[in-house]
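Encoded as structure tokens, the structure appears first; notes follow it.
In full-length UniProt numbering, the protein residues as written are 1 to 658.
Rendered as structure tokens:
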């Protein structure tokens, strides 16, 4: 079966034979490994269940079959999502005699109407695991379907069907699907849905498709000042309405925001955007694909950044602002309020939770669609265009000034004997157009590959030997005497503790690049502990990142993809390589990658993924972070033991048996 999961389970004799192979059928793999499908069992994963069901209803609306969706939160941690769409088919499925199509969809992974593109041109859930995963992880699921003027219902529990589909009688004035579920406490413990989060989710979905009305209902006992018992959301202006609400009364560079929508050629989908540049406050970004939030952006974000940057450069050339050729995407985007929503066929995401869009064609489609509109936005009103160009160029000048100051400090540090740089450091020249980066890598082998893979003008390499000193449990004297810590401190050039001055940091980004295994994760943890304790302001300033090297290379015929971990590998095998014979290669470490592979997957800004390490802004939350770091990394092993004991229940559900 395509949804089977095989495990190596030792026999009592310790032999490894046919009886050692356990076959998990149906939805049992989901209950054993929920992290592979919803990213874990925490609050975020719990609320992801609602998003999966709501996405199905939104797909009906986007396809033109539904105009109304209701999201209801009831007592007992029950959520109900209903729509007035076509209704899930209830007839016998041709591949599964004796089973209704409804039962197949609810109880079988990788089933649904979104793979061929016949039922849905674009959809938010293309992995075919959404509602079946919700069913598997819920103790009580009930689905009602009003179709062909008849009402049908079927009940499930923990992925198991509790009985055949029931025909409840005629319902001439109703159509669509209603899904009601209660998350399983065996999986999620006593976690409860947050009414405020669900209320905001319902509201945000209504902005993403102007033709849909979303109704919110909440049990009176769960309401608050921020969460009403009932509300109706419908926004004819779509993202433009959302942007107007987000801006409030803030003054912007241009009186009118840059907003619009454009269909892609050959019915490949469409894009909608709304952007403003506030004068005296910071902005934010919101990215969506097929109404699904993609908080980490992705290829649609790249397309928008390219369109705006190229258009402003061209406008600068048109108006005689020669320096505009040096504009970067960050100059244009930093501080802006940006909302972008794309609808495309067969979207590919970085993980099952869809945090980042990876479909290559999205960049080209979005850039081509937005570029022409932004050209007109700038040139139709020259005063408006010049005002925006002027503000963006001020940001560019400030960036170049800071870069020049860093270069002077770098050269001064390199030439001054008292500030000699570590001998192991392979520095960058700093002469490129991009921002400078320091990669901290594990071992000489990985360091050698990284040196060959890097951009010599903007990327520096500092190898370290294995696991550095745990600064959280070391004395100040021991920290000062440690050679690895001394090398790190010298390379940064900004000082430590109370003497840390982020403006003296010699690089724009510090990137921790370790192997994608347990040892690599441990080294990364020790390095993050070092920066948190010794250079807190560097972390707070957003300069620290984690690289995401792949663990696997999957190849089928001429097509190759890289997978970060086992979850990503399972996703690629279930989507891109479904039904294909796949050759899987595992990288034992960064040193085993050839420079071209390392550059493509982990170091090239155009193709890599980075995780930014940040700190909460509020002091109270920083105190909580410090307490947690001390608890997990400090001298007292009893604190670590207690943490493991208290969280072992959650971890058991995520572990893969050896």
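From the three backbone atoms N, C-alpha and C, an ideal C-beta is built for every residue, glycine too.
Using DSSP's beta-bridge definition, name the partner residues of residue 140.
Reading the chain shown from its first residue, position 140 is the one you call residue 140. DSSP output for residue 140 lists 182 as bridge partner(s).
Relative to the alpha-carbon of residue 137, which residue among 106, 72 and 203 has its alpha-carbon at the smallest distance?
Taking the first residue of the chain shown as 1, we reach residue 137 at position 137. Checked all of 106, 72 and 203; the closest Cα to residue 137 is 106.
Short Cβ contact (8 Å threshold) for residue 428 with residue 456:
The count along the chain shown starts at 1 and reaches residue 428 at position 428. The count along the chain shown starts at 1 and reaches residue 456 at position 456. Going by C-beta atoms, residue 428 is nearer than 8 Å to residue 456.
If you compare alpha carbons, which of 229, 527 and 303 is closest to residue 663?
A question about residue 663 goes unanswered here, because the residues of the chain that appear run from 1 up to 658.
Sort 59, 133, 43 and 384 by Cα distance to residue 345 and report the nearest one.
Counting from one through the chain shown, the residue named residue 345 turns up at place 345. Ranking 59, 133, 43 and 384 by Cα distance to residue 345 puts 59 first.
The region 553-568 contacting the region 349-360, beta-carbon criterion three pairs below 8 Å:
yes
Just how far apart, CA to CA, sit residue 419 and residue 559?
Translated into positions along the chain shown, residue 419 becomes position 419. Translated into positions along the chain shown, residue 559 becomes position 559. Residue placement at residue 419 is flagged as unreliable, the pLDDT there being 49, under the threshold of 50; a coordinate-derived value is accordingly withheld.
Under 8 Å: do the region 538-549 and the region 607-614 share three or more Cβ pairs, one atom per stretch?
They touch, by the three-pair rule.
Three or more beta-carbon pairs under 8 Å between the region 318-327 and the region 273-281, yes or no?
Note that the region 318-327 does not touch the region 273-281; fewer than 3 beta-carbon pairs, one per stretch, sit closer than 8 Å.
Would you be able to state if there are at least three C-beta pairs under 8 Å between the region 481-488 and the region 511-526?
no
Reducing DSSP to helix, strand and coil, say where residue 234 ends up.
Within the chain shown, the letter at position 234 stands for residue 234. Coil at residue 234, not helix or strand.
Less than 8 Å between the CB atoms is what I'm expecting for residue 161 and residue 103, so what's the real figure, rounded?
Here residue 161 refers to the residue found at position 161 of the chain shown. Here residue 103 refers to the residue found at position 103 of the chain shown. Under the criterion of beta carbons closer than 8 Å, residue 161 and residue 103 qualify as touching, at roughly 6 Å.
What is the residue span of the alpha helix (DSSP H) that residue 202 lies within?
On the chain shown, position 202 is the one that residue 202 refers to. It spans 195-208 - the alpha helix (DSSP H) in which residue 202 sits, taken as one unbroken run.
Determine the DSSP secondary structure at residue 593, reduced to helix, strand or coil.
Your numbering for residue 593 matches position 593 in the chain shown. If DSSP states are grouped into helix, strand and coil, residue 593 belongs with coil.
Restricting to Cα atoms, I'd like to know which of 141, 166, 142 and 244 is closest to residue 151.
In the chain shown, counting from the first residue as 1, residue 151 sits at position 151. With distances taken between Cα atoms, residue 151 lies closest to 166.
What does the Cβ neighbour count give for residue 72, buried or exposed, with the cut at 16 atoms within 10 Å?
In the chain shown, the residue the question calls residue 72 occupies position 72. When all chains shown are included, residue 72 counts as buried.
When the Cα atoms are used, what is the spatial distance from residue 320 to residue 313?
By one-based count along the chain shown, residue 320 stands at place 320. By one-based count along the chain shown, residue 313 stands at place 313. If I take the Cα positions, the gap works out to 11 Å.
Own chain partners of residue 377 with C-beta closer than 7 Å, once the 5 adjacent residues on each side are dropped
Here residue 377 is taken as the residue at index 377 of the chain shown, counted from 1. Only 258 meet the Cβ criterion.
Which one of 389, 381, 355 and 288 has the shortest CA to CA distance from residue 333?
Position 333 of the chain shown, counting from 1, holds the residue named residue 333. Nearest C-alpha to residue 333: 389.
Classification of residue 135 by the beta-carbon crowding that lies within 10 angstroms, buried from 16 upward
The count along the chain shown starts at 1 and reaches residue 135 at position 135. It is buried - the Cβ of residue 135 has at least 16 other Cβ atoms within 10 Å.
With DSSP collapsed to three states, give me the class of residue 93.
The count along the chain shown starts at 1 and reaches residue 93 at position 93. Of the three classes helix, strand and coil, the one that applies to residue 93 here is strand, per DSSP.
Burial state of residue 444 (16 or more Cβ within 10 Å):
Along the chain shown, one-based indexing puts residue 444 at 444. So residue 444 ends up on the exposed side.
Just tell me which of 576, 584 and 540 has its CA closest to the CA of residue 550.
Taking the first residue of the chain shown as position 1, residue 550 is located at position 550. Of the candidates 576, 584 and 540, the one whose C-alpha sits nearest the C-alpha of residue 550 is 584.
Own chain residues within Cβ distance below 6 Å of residue 508, not counting five before or after
The residue labelled residue 508 in the question sits at position 508 within the chain shown. Once the five neighbours on either side are set aside, the close Cβ partners of residue 508 are 435 and 436.
Top-ranked residue by Cα proximity to residue 532, from 574, 472 and 556
Residue mapping note: residue 532 aligns to position 532 of the chain shown, counting from 1. Among 574, 472 and 556, the Cα nearest to that of residue 532 is on 472.
Buried or exposed, going by whether 16 or more other CB atoms sit within 10 Å of the CB of residue 108?
Here residue 108 is taken as the residue at index 108 of the chain shown, counted from 1. Residue 108 should be labelled buried.
So the beta strand (DSSP E) residue 585 belongs to, where does it begin and stop?
As a working mapping, residue 585 is identified with position 585 in the chain shown. Residues 583-586.
Which partner residues does residue 260 have in the DSSP bridge list?
One-based indexing of the chain shown puts residue 260 at position 260. Note: residue 260 sits in a beta bridge opposite 273.
Name the one or two DSSP bridge partners that residue 69 has.
Here residue 69 corresponds to residue number 69 of the chain shown, with the count starting at 1. In the DSSP output, where bridge partners are listed per residue, residue 69 has 83 and 214.
Quick one: Cα of residue 311 to Cα of residue 605, how far?
Counting from one through the chain shown, the residue named residue 311 turns up at place 311. Counting from one through the chain shown, the residue named residue 605 turns up at place 605. Whole-angstrom Cα-Cα distance: 21 Å.
Pick from 269, 279, 301 and 281: whose alpha carbon is nearest that of residue 287?
One-based indexing of the chain shown puts residue 287 at position 287. Here the closest residue by C-alpha is 301.
Just verifying my parser: in three-state terms, what is the DSSP assignment at residue 513?
As a first step, residue 513 is located in the chain shown; it is residue number 513 there, counting from the start. The answer is strand: DSSP assigns residue 513 an E or B state.
Could you compute how far the alpha carbon of residue 500 sits from the alpha carbon of residue 463?
Working through the chain shown from its first residue, we reach residue 500 at position 500. Working through the chain shown from its first residue, we reach residue 463 at position 463. If you take the alpha carbons of residue 500 and residue 463, they lie about 23 Å apart.
Using three-state DSSP, classify residue 429 as helix, strand or coil.
To locate residue 429, count along the chain shown from 1; it is residue 429. The answer is coil: DSSP assigns residue 429 none of H, G, I, E or B.
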